[in-house]
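Inspection log for the structure reproduced underneath, given as structure tokens.
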Amino acid sequence: MAQGPLDQLGRPLGVLRLSLTARCNLACPYCCPEGTDPPELLSQGERVQLVETAVSLGAHTLRLTGGEPLLHPGLEALIAALQPLRQRAEGDRRGRLREIALTSNGVLLSAERARALKAAGLDRITLSLDGSDGASVARMAGLTGGTAAGAVVLEKVLAAIEHARAAGFDPATGALKLNAVLTRGGNGDQLLPLAQLARERGLELRLIEFMDVGHRNGWSADQVLSAAEMVARLGERWPLEPIGRSAHGTASRWRYRDGEAHVAVVASISAPFCGDCNRLRVTADGIAYGCLFATGGTDLKPWLRPALDGSGLARNLGGLWEARTDRYSEERQEQQRVASSPQAAAPRAEMAYLGG
Ligand code: SF4
Numbered sequence: 001m002a003q004g005p006l007d008q009l010g011r012p013l014g015v016l017r018l019s020l021t022a023r024c025n026l027a028c029p030y031c032c033p034e035g036t037d038p039p040e041l042l043s044q045g046e047r048v049q050l051v052e053t054a055v056s057l058g059a060h061t062l063r064l065t066g067g068e069p070l071l072h073p074g075l076e077a078l079i080a081a082l083q084p085l086r087q088r089a090e091g092d093r094r095g096r097l098r099e100i101a102l103t104s105n106g107v108l109l110s111a112e113r114a115r116a117l118k119a120a121g122l123d124r125i126t127l128s129l130d131g132s133d134g135a136s137v138a139r140m141a142g143l144t145g146g147t148a149a150g151a152v153v154l155e156k157v158l159a160a161i162e163h164a165r166a167a168g169f170d171p172a173t174g175a176l177k178l179n180a181v182l183t184r185g186g187n188g189d190q191l192l193p194l195a196q197l198a199r200e201r202g203l204e205l206r207l208i209e210f211m212d213v214g215h216r217n218g219w220s221a222d223q224v225l226s227a228a229e230m231v232a233r234l235g236e237r238w239p240l241e242p243i244g245r246s247a248h249g250t251a252s253r254w255r256y257r258d259g260e261a262h263v264a265v266v267a268s269i270s271a272p273f274c275g276d277c278n279r280l281r282v283t284a285d286g287i288a289y290g291c292l293f294a295t296g297g298t299d300l301k302p303w304l305r306p307a308l309d310g311s312g313l314a315r316n317l318g319g320l321w322e323a324r325t326d327r328y329s330e331e332r333q334e335q336q337r338v339a340s341s342p343q344a345a346a347p348r349a350e351m352a353y354l355g356g
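As numbered in the numbering used here, residues 1 to 356 make up the sequence shown, in order.
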């Protein structure tokens, strides 16, 4: 396929993060989901058109997100409907979708659902877990039922890991991973227990620095557990060998010297990676954002309904990407502008709406 458009910083479009709903069955304090969906959600057909158009512009990976995407009843049907884009020959001038991935909190991932997702053509699942016991899970999932409710969620997520593994999402190939957001005041004490939990299951644990997404999560720099600090604490317990960050990747990775899996850190605050960011986000109601911290998005619905304007959508989505200059995390670090600058105060979309 010919090279797709490059943005103003020479970055190609590579990953489309498509949110299917802003609703969630948890209420993590670093995300603060709405609880309701925006009006005018995209239809299944519109989502397929959107993905096909993004693929024609160079996107090779689709990550399905939410809120909680397992709340979307058409998830398996959407993945199945996208398979023709996967079956194209390498080099097809229309582009080719190489991978479909899902980010989920796992609470609704039953054995049947895991098998159905695999059968529909899903390639990778990343589950989220921010604690290793009922109390920390309850705290980090915003559960009102305390430790007992946390223990129930923990049990469901641990079961989800095994359902996914049994359905063929193999951690050894990276097809099953575990995300955890660590905050200094919230679950900093869970770093080693979560690492142990992931090691015991052969899972790559992706530790995510607490980010100032949107305006609801009460973010402040002193609540951030930095990548360097997390890696140092892990390394004291288990010697680590650095692997690095792959091109366009979000995570810097390490191998445990004792061979028990890998660990990674997504360091948007302390070691930003905007330089080769190839991610476009589209919300459940069809608004495209060039960055997780963007202060505005572009409504794509005028080119999707009432009837598809395929060339209009491709032209406008391509133009949107070409005009992209986003590098918020690098700017944040350069200017330490979090609390002071006008843009830091400008309204930014919330995490659950954007899909993380
Ligand atoms: S801050 Fe924006 S530009 Fe930078 S890596 Fe994140 S999404 Fe990409």
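Where is the CB? At the ideal position from N, CA and C, for every residue including glycine.
Note that the structure is predicted; figures quoted are calculated from it, not measured.
Starting from I79, trace the beta strand (DSSP E) in both directions and tell me its first and last residue.
By 1-based counting over the sequence shown, the position of residue 79 is 79. Taken as a continuous stretch (DSSP letters only), I79 belongs to no beta strand (DSSP E), being part of the alpha helix (DSSP H) at 75 to 81.
For E40, report the span of its beta strand (DSSP E) as first-last.
Mapped onto the sequence shown, residue 40 falls at position 40. Segment: none, E40 is in no beta strand (DSSP E) and carries neither H nor E.
So what does DSSP say about S26, is it helix, strand or coil?
Here the question's residue 26 lines up with position 26 in the sequence shown. Per the sequence shown, residue 26 should be read as Leu rather than Ser. In this structure, L26 counts as coil in the three-state DSSP scheme.
With a 10 Å radius around its C-beta and 16 neighbouring C-beta atoms as the bar for buried, classify P73 as buried or exposed.
Start at 1 with the first residue of the sequence shown, and residue 73 comes out as number 73. Result: exposed.
Please confirm whether T295 and A221 have their CB atoms less than 7 Å apart.
Taking the sequence shown and counting its residues from 1, one reaches residue 295 at position 295. Taking the sequence shown and counting its residues from 1, one reaches residue 221 at position 221. No, the Cβ-Cβ distance between T295 and A221 is not below 7 Å.
Can you give me the Cβ contacts of L108 inside the same chain, cut-off strictly under 6 Å, excluding the 5 residues immediately before and after it?
Position 108 of the sequence shown, counted from the first residue, corresponds to residue 108. Around L108: L70.
Three-state secondary structure (DSSP) at R281?
Within the sequence shown, the letter at position 281 stands for residue 281. DSSP places R281 in strand when its eight states are reduced to three.
Does ligand 1 have a heavy atom nearer than 6 Å to the CB of R327?
Counting from 1 along the sequence shown, the entry for residue 327 is found at position 327. Within the cutoff, so yes.
Go to H262, then tell me how far its alpha helix (DSSP H) extends in each direction, as first and last residue.
Along the sequence shown, one-based indexing puts residue 262 at 262. No alpha helix (DSSP H) holds H262; the beta strand (DSSP E) holding it covers 262 to 266.
So what's L205 in DSSP terms, helix, strand or just coil?
What you label residue 205 is simply residue 205 of the sequence shown in a count that begins at 1. It is a strand residue.
Which residue from L205, A159, K156, G186 puts its Cα closest to that of A172?
Working through the sequence shown from its first residue, we reach residue 172 at position 172. Minimum Cα distance to A172 is reached at L205.
Express the C-alpha separation of A81 and R139 in angstroms, rounding to a whole number.
Residue numbering aside, residue 139 sits at position 139 when the sequence shown is read from its first letter. Residue numbering aside, residue 81 sits at position 81 when the sequence shown is read from its first letter. Approximately 38 Å between the Cα atoms of the pair.
DSSP state of T53, grouped into three classes?
Against the sequence shown, residue 53 aligns to sequence position 53. In the structure shown, T53 sits in a helix (DSSP, three-state: H, G or I).
Could you check the C-alpha separation between A339 and A352 for me, to the nearest Å?
Translated into positions along the sequence shown, residue 339 becomes position 339. Translated into positions along the sequence shown, residue 352 becomes position 352. Residue placement at A339 cannot be trusted, given a pLDDT of 48 that sits under 50; the coordinates are not used to answer.
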